[in-house]
Structure formats: C-alpha cells, structure tokens
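Notes follow the structure.
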Amino acid sequence: MAEDAIKEQLENARKAFEARNYQACESILQKMPQEDLQAQHNLAIVRLLQNHADVEQTIAALADNSTEGLPALNEEVETKHSVALLYEGHETAHFNRALLLARSGLLNEAAVILRGLLGMHNSIKPAVLGRVVCLLQTITRIPTTVHHRQRSDEDLIQKVVTEAMDKFTKDPVLLTMIRGAFADSSTIQEMPHNSDADWAVYFNNLGVLIMGDSKMNVASLCFAKAEKAVAQCNTPLMRHPIVYNAGLCALLRGEYDSAITCFLSVQEFMKKSPLFWVRFAEAAVGKLQKEAHKKSLEEYERMQDHFSEQLRNGKMFPNYEYLVLPGATINQGSLVDLKDSSVCTSLETLVCSTVQNALLLLLPRGHTAATAMEAFPHNVQLIHFALFYWCALEICRKNYIVVVNVGYDLLSLHERRPLSPNLHAALLSYMVEALIHLNEPERALKVLRRSSLSSLVLGSSSEPLDSHQQGRVEALFVNLAITHIANGLWNQASSVVESLLAKVYEGRAVKEKEGTSSSSNTSNQGVILAYHMLAIFLELAQGNQEKAQEALMRVSWVG
Numbered sequence: 110m111a112e113d114a115i116k117e118q119l120e121n122a123r124k125a126f127e128a129r130n131y132q133a134c135e136s137i138l139q140k141m142p143q144e145d146l147q148a149q150h151n152l153a154i155v156r157l158l159q160n161h162a163d164v165e166q167t168i169a170a171l172a173d174n175s176t177e178g179l180p181a182l183n184e185e186v187e188t189k190h191s192v193a194l195l196y197e198g199h200e201t202a203h204f205n206r207a208l209l210l211a212r213s214g215l216l217n218e219a220a221v222i223l224r225g226l227l228g229m230h231n232s233i234k235p236a237v238l239g240r241v242v243c244l245l246q247t248i249t250r251i252p253t254t255v256h257h258r259q260r261s262d263e264d265l266i267q268k269v270v271t272e273a274m275d276k277f278t279k280d281p282v283l284l285t286m287i288r289g290a291f292a293d294s295s296t297i298q299e300m301p302h303n304s305d306a307d308w309a310v311y312f313n314n315l316g317v318l319i320m321g322d323s324k325m326n327v328a329s330l331c332f333a334k335a336e337k338a339v340a341q342c343n344t345p346l347m348r349h350p351i352v353y354n355a356g357l358c359a360l361l362r363g364e365y366d367s368a369i370t371c372f373l374s375v376q377e378f379m380k381k382s383p384l385f386w387v388r389f390a391e392a393a394v395g396k397l398q399k400e401a402h403k404k405s406l407e408e409y410e411r412m413q414d415h416f417s418e419q420l421r422n423g424k425m426f427p428n429y430e431y432l433v434l435p436g437a438t439i440n441q442g443s444l445v446d447l448k449d450s451s452v453c454t455s456l457e458t459l460v461c462s463t464v465q466n467a468l469l470l471l472l473p474r475g476h477t478a479a480t481a482m483e484a485f486p487h488n489v490q491l492i493h494f495a496l497f498y499w500c501a502l503e504i505c506r507k508n509y510i511v512v513v514n515v516g517y518d519l520l521s522l523h524e525r526r527p528l529s530p531n532l533h534a535a536l537l538s539y540m541v542e543a544l545i546h547l548n549e550p551e552r553a554l555k556v557l558r559r560s561s562l563s564s565l566v567l568g569s570s571s572e573p574l575d576s577h578q579q580g581r582v583e584a585l586f587v588n589l590a591i592t593h594i595a596n597g598l599w600n601q602a603s604s605v606v607e608s609l610l611a612k613v614y615e616g617r618a619v620k621e622k623e624g625t626s627s628s629s630n631t632s633n634q635g636v637i638l639a640y641h642m643l644a645i646f647l648e649l650a651q652g653n654q655e656k657a658q659e660a661l662m663r664v665s666w667v668g
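As structure tokens, this is what we get:
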C-alpha cells in the first residue's frame with residue numbers, strides 16, 4: 110500500500126474514531142499492513158474499546174516491536190532508559206500503555222515509561238505531554254511501600270510544567286486536567302463535574318484524597334457515589350479503578366466482605382498486579398481469621414456450658430478457674446463440633462489462590478525470595494507480606510510445620526531487608542504458636558531471643574506498632590517470662606520483665622514528649638500494672654522482699 114494511501118486510510122480511521130464509530134474504524138485499520146505500527150497500535154485501542162480485547166492483550170499489542178529501551182513486566186531498570194519514537198504520534202501509544210499498566214496496578218512499570226516520555230518532552234505534542242505529567246504526578250504523589258517518588262521526579266515534573274505551561278493554557282480541557290492532578294482536597298471542589306463521568310471522577314479523586322488523610326468513613330461514601338455515577342456511564346475502563354479503590358477503602362476499614370466482593374469483580378482486570386493479589390490476600394486472611402475467631406468463641410461457650418453442667422452434676426471439682434489463653438488449643442474431648450466448616454474451607458481456598466497468584470508474579474522462574482528481593486527491590490514489601498499471609502493461612506489450617514519453615518525464611522529475609530514492625534510482631538506470634546503446637550518450646554524461645562526487644566516494643570519512627578500488634582508482643586514476652594519461671598530460671602525471667610518494663614517506659618516517655626500519649630496511655634495502664642505485678646511476684650518468689658517493696662512503690666502512678 111502506497112504511503113499516500115496509508116495516510117488517507119489513517120485519516121479516515123481517525124474521523125471514524127472521533128465520531129465514536131469504532132466498528133468502522135476497526136474495519137479500516139484491519140485492512141492496513143500488519144507491519145504498520147501506527148495502524149496496529151490504533152487497532153489495539155479500538156479493539157479494547159469494543160471489548161474485543163482485554164487490557165493484558167492491549168498492553169502486549171502496544172509494546173509489540175516498539176519497546177526497545179523499555180522494561181518487561183517486573184524487570185528492574187534504571188531511570189535512564191529512553192523511549193523510542195518510531196513514528197509521528199508514537200508517544201500516544203506509549204502513554205496509552207503506561208495508563209493501562211497503571212490501571213492494572215503495575216505502577217512501577219508505568220512510571221518508567223512516563224519518565225522516559227518526560228525526558229524527551231520537547232519532541233512530544235502538548236496534548237500527550239500534559240496527560241503524561243498528570244499521570245506521573247497522580248501515581249507518585251502519595252508514596253507507598255511498593256512505589257516511591259524518585260528524587261528526580263519532582264524536578265522533572267516541575268521543569269516540564271514550567272517550560273510547557275504556555276502550551277497547556279491554550280487548551281482549557283488540558284489545563285483543567287493538570288490543575289486537577291496537582292489539586293488537594295481544598296481545591297478539588299473547583300474541578301468541573303457536569304456529566305455522570307465527571308461526577309464519577311470527582312468523587313473517586315475526592316475519596317482517594319480523603320483516604321490519604323485516614324478519613325475512611327467519608328472516603329467510603331465518596332467511592333459509593335463514584336460507583337453510582339459510573340454505573341450510568343457504562344464504561345468498564347472507568348468503573349474498575351473506582352471499584353478497586355472502594356475495595357481498598359473497605360479493607361482498611363476492616364470490612365472484609367465488601368473488600369472481597371470488590372476485588373472479585375476486578376480480578377480479571379488486575380490479574381497481572383502483584384499488589385492487587387497481596388491486598389486480596391489481606392482481605393481474605395482477615396475474613397478467615399474473623400470466622401475462625403467467631404468459631405472459637407462458639408466452641409468456648411459450648412465448652413463452658415459443658416463444664417457448668419458437669420459441675421452441677423457433681424462430676425467436677427472447681428479447684429481452679431478454667432482459662433483459655435489467646436491462641437491456645439482447645440481439646441473438646443467427646444464434644445461434637447456442630448459448626449459447619451464450609452465457610453472457612455472456601456475462604457482457605459480463596460486465600461491460597463490469592464497468595465499463589467501473588468508469589469507467581471513476585472518470584473519469577475529461577476528466583477527465590479532472597480534473589481527476587483535483590484533483583485526487584487521495589488517488590489520487597491510485597492514479598493514479605495505475601496509470605497506472611499501464607500503463614501497466616503497455614504496457622505488457620507494447623508499446618509504448623511509449613512508455618513515454621515516459611516517463618517524461618519521470612520526471618521532470614523528480615524536480616525537482609527527488615528520486616529515492618531507490625532508484620533515482624535505478628536510473624537513471631539505465629540511462629541511461637543506453631544512451635545508450641547509442635548512441642549518445641551526451646552525453638553520457640555530461640556526465635557524470641559533472635560528478635561530485638563526494642564524494635565518490637567517501640568516499633569520505629571516511621572511505623573509504630575498498632576495496638577493489636579503491641580498486645581501480641583506483650584503476650585509473647587510475658588509468656589516468655591512465665592516459661593522461664595516454669596523451668597526454674599528465675600534470673601532469666603526477672604531479666605525479661607525488667608527489660609520489657611524499661612522499654613515500655615521508654616516508649617511512654619517518647620510519646621509524652623511528642624504529645625501523642627493521651628490516647629494510648631489510658632489503655633496501657635492495666636498492661637503495665639500486670640508487668641509490675643509479675644515483677645513483684647518474681648522478687649517475692651525469690652525471697653527478695655526489699656526489691657519487691659521497691660517494685661511495689663513504682664506502681665503508685667497507676668490509677
């Protein structure tokens with residue numbers, strides 16, 4: 110086909126596209142030579158808009174023979190990679206690919222393309238350049254554990270905006286888009302929202318900004334309004350990100366059922382994103398643990414009813430109160446489990462599939478967790494959490510050997526790339542529980558001795574321990590002290606309690622200095638009192654009445 114004929118056909122396809130006559134546009138493009146990249150890239154977008162191809166196929170089609178210098182998915186790259194423009198307007202195909210990658214949760218891969226485009230901003234049309242700036246600003250403005258804004262991003266974005274602002278101001282729609290990308294919750298009200306699509310985008314963006322301020326209830330209302338507005342548009346490409354955001358908000362609120370429902374509806378769209386599968390696993394594990402806790406309470410109540418009946422019939426003597434400690438095994442004896450376990454079984458299957466999908470993406474063929482962390486450092490946190498949710502699943506399944514093996518792998522990774530304090534605390538509780546069930550208390554003690562008491566009690570400046578994990582740490586070390594007492598190791602028990610109290614007071618002093626202690630001190634009063642009582646008991650048991658008196662004087666502030 111002659112060059113003039115190709116240009117004429119492309120012009121006809123463009124007119125059909127702008128008229129939203131996608132069927133006619135596809136018919137024209139299909140007749141053009143397959144080696145014509147411009148035609149094939151346009152055809153990929155038209156097929157996507159007609160649901161003749163999915164997002165994954167479109168990403169592959171846009172990358173075909175045109176991504177020299179660009180990374181494959183999950184490939185670690187430097188930021189110096191350039192983007193090759195092989196025909197006039199090729200930047201549009203690159204931007205479309207980056208947009209689809211970002212919508213699929215592959216933010217690092219999208220950012221590489223966008224940085225490459227901004228690096229050659231003088232060669233790119235203003236309409237595309239403005240959208241590139243907006244997308245890079247949007248996906249990097251709020252840093253997370255899996256993607257970060259590079260130091261050069263701020264300078265690059267500001268440079269492009271400054272140099273090209275005169276061009277951007279000539280297009281009111283583009284200028285509004287740029288202002289929206291750099292808006293915060295105080296200026297977003299100025300954004301226009303005249304159609305259902307505008308309202309959907311407005312409420313979604315508002316929800317994201319509010320969620321970033323930890324106002325989850327308000328954000329949830331925004332996403333609900335965004336879903337209602339986008340339902341009127343009948344545009345799946347717009348609906349999927351909104352539904353994912355709604356699911357993420359529900360997850361952060363602890364509404365696991367709603368989160369799972371949202372994630373199930375977008376799993377086909379986001380199946381190539383390891384971040385999506387890790388979040389999905391988090392929701393499924395949360396629901397599974399909630400159901401397991403509910404079942405445990407029901408079993409405990411039935412057991413207490415059984416014991417009460419035995420006592421009334423004179424078959425048991427109330428010599429001591431029966432207690433169930435957190436995570437303790439309940440031996441029901443002849444009691445029949447009347448609980449249907451189908452819900453937990455289906456949840457276990459769901460957790461298993463989400464964790465497997467995450468690990469398949471995070472650990473490419475030929476890689477172990479350690480080598481993958483070195484090769485893909487932006488995935489370190491995701492690898493940590495994917496393995497942790499595997500441990501959580503196997504705890505519920507009572508596969509304690511698997512818990513211990515995976516837990517040791519995670520602890521070895523912790524020595525290279527530290528786990529977050531909250532994850533570390535939860536992992537230790539799982540490992541100790543598993544080792545106790547396996548009747549290996551010595552190994553459980555060794556696991557605890559490998560950990561830093563300071564980091565576990567105090568957390569870190571960037572991520573302090575939440576109240577749930579703090580409770581786990583307190584239980585772990587109090588139980589460690591009690592284990593020493595049971596073994597007659599009084600000095601070791603005293604050392605643990607004294608060290609623990611010292612760290613608790615250290616954390617209290619830091620919070621008082623920062624002015625953040627008012628909310629947590631009241632709830633920790635009883636806990637610290639329990640530590641002091643244990644310390645007093647230790648001194649009395651060893652005949653140290655003077656030291657016991659000194660320890661008793663130190664609890665005078667509790668009230």
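Residue numbers for the sequence shown follow our numbering, so the first one is 110 and each next one is one higher.
C-beta atoms are modelled at their ideal positions from N, C-alpha and C, and glycine is treated no differently.
Asked: Counted within 10 angstroms of its Cβ, other Cβ atoms place Arg474 as buried (16 or more) or exposed; Found: exposed
Asked: Under 9 Å between C-beta atoms of Ala501 and Ala478; Found: no
Asked: Inside the stretch 514-555 only - alpha helix (DSSP H) runs reaching at least 4 residues; Found: 530-546
Asked: Neighbour-count burial assignment, Ile510, 16 or more Cβ in a 10 Å radius; Found: exposed
Asked: Contact belief for Met379 with Ser213 at Cβ below 8 Å, rounded distance in angstroms; Found: 5 Å
Asked: Three-way DSSP call (helix, strand, coil) for Gly228 in this model; Found: coil
Asked: Nearest-angstrom Cα separation, counted from Leu157 out to Gly321; Found: 32 Å
Asked: Alpha-carbon spacing of Asp575 relative to Ala128, whole angstroms; Found: 54 Å
Asked: Continuous alpha helix (DSSP H) stretch holding Ile154: start and end; Found: 146-158
Asked: Span separating the alpha-carbon of Tyr498 from that of Gln267; Found: 40 Å
Asked: Beta-carbon proximity of Ile351 to Ala401, cut-off 9 Å; Found: no
Asked: With 16 other Cβ atoms within 10 Å as the buried cut-off, status of Ala340; Found: exposed
Asked: Presumed contact (8 Å Cβ cut-off) between Leu223 and Ala207, rounded CB distance; Found: 5 Å
Asked: Backbone CA spacing between Ser521 and Leu547 [nearest angstrom]; Found: 21 Å
Asked: Segment contact, 8 Å Cβ cut-off, at least three pairs: the stretch 415-422 with the stretch 482-489; Found: no
Asked: Run of the alpha helix (DSSP H) containing Thr249, from where it starts to where it stops; Found: 235-249
Asked: Residue-level contact to chain B via CB, Leu585, 9 Å cutoff; Found: The chain inventory of the structure shown lacks chain B, comprising one protein chain alone.
Asked: Three-way DSSP call (helix, strand, coil) for Ala650 in this model; Found: helix
Asked: Beta-carbon proximity of Ala220 to Leu245, cut-off 9 Å; Found: yes
Asked: 6 Å CB neighbourhood of Ala162 in its chain, flanking five on each side removed; Found: Arg156
Asked: Burial state of Val282, where buried means 16 or more other Cβ atoms lie within 10 Å; Found: exposed
Asked: Endpoints, the alpha helix (DSSP H) within which Gln341 is located; Found: Premise fails: Gln341 is in no alpha helix (DSSP H) and is neither H nor E.
Asked: Boundaries of the alpha helix (DSSP H) in which Asn121 is found, first to last residue; Found: 112-127
Asked: Reduced DSSP secondary structure (H/G/I, E/B, other) of Tyr409; Found: helix
Asked: Assigned secondary structure, Phe586 (DSSP; H/G/I helix, E/B strand, else coil); Found: helix
Asked: Contacts around Leu470, its chain only, beta-carbon distance under 6 Å, and the 5 residues preceding and following it disregarded; Found: Pro383
Asked: Under 9 Å between C-beta atoms of Ala371 and Gly356; Found: Per the sequence presented here, residue 371 reads as Cys, with Ala not at that position. Yes. Within cutoff.
Asked: Cβ-based neighbour list, Asp145, same chain, cut-off 7 Å, excluding 5 preceding and 5 following; Found: Ile115
Asked: Per-residue burial, Gly752 [other beta carbons within 10 Å of its own, 16 or more giving buried]; Found: Past the boundaries of the shown model lies residue 752; the chain is included only from 110 to 668, so the question cannot be answered.
Asked: Residue from Ala660, Ser136, Asn160 whose Cα sits closest to the Cα of Met642; Found: Ala660
Asked: Contact under 9 Å by Cβ, Gln118 with Met141; Found: yes
Asked: Beta-carbon proximity list for Phe494, same chain, < 6 Å, skipping 5 on both sides; Found: Val387
Asked: Nearest-angstrom beta carbon gap, Ala125 and Cys134 [assumed within contact, 8 Å]; Found: 4 Å
Asked: Local conformation of Tyr498 per DSSP, three classes; Found: helix
Asked: Residue of Met347, Met325, Asn343, Tyr311 minimising C-alpha distance to Lys334; Found: Tyr311
Asked: Neighbourhood of Val81 by C-beta, 7 Å cutoff - its chain only, sequence neighbours within 5 removed; Found: In the structure as shown, the chain begins at 110 and stops at 668. Residue 81 is therefore absent and cannot be evaluated.
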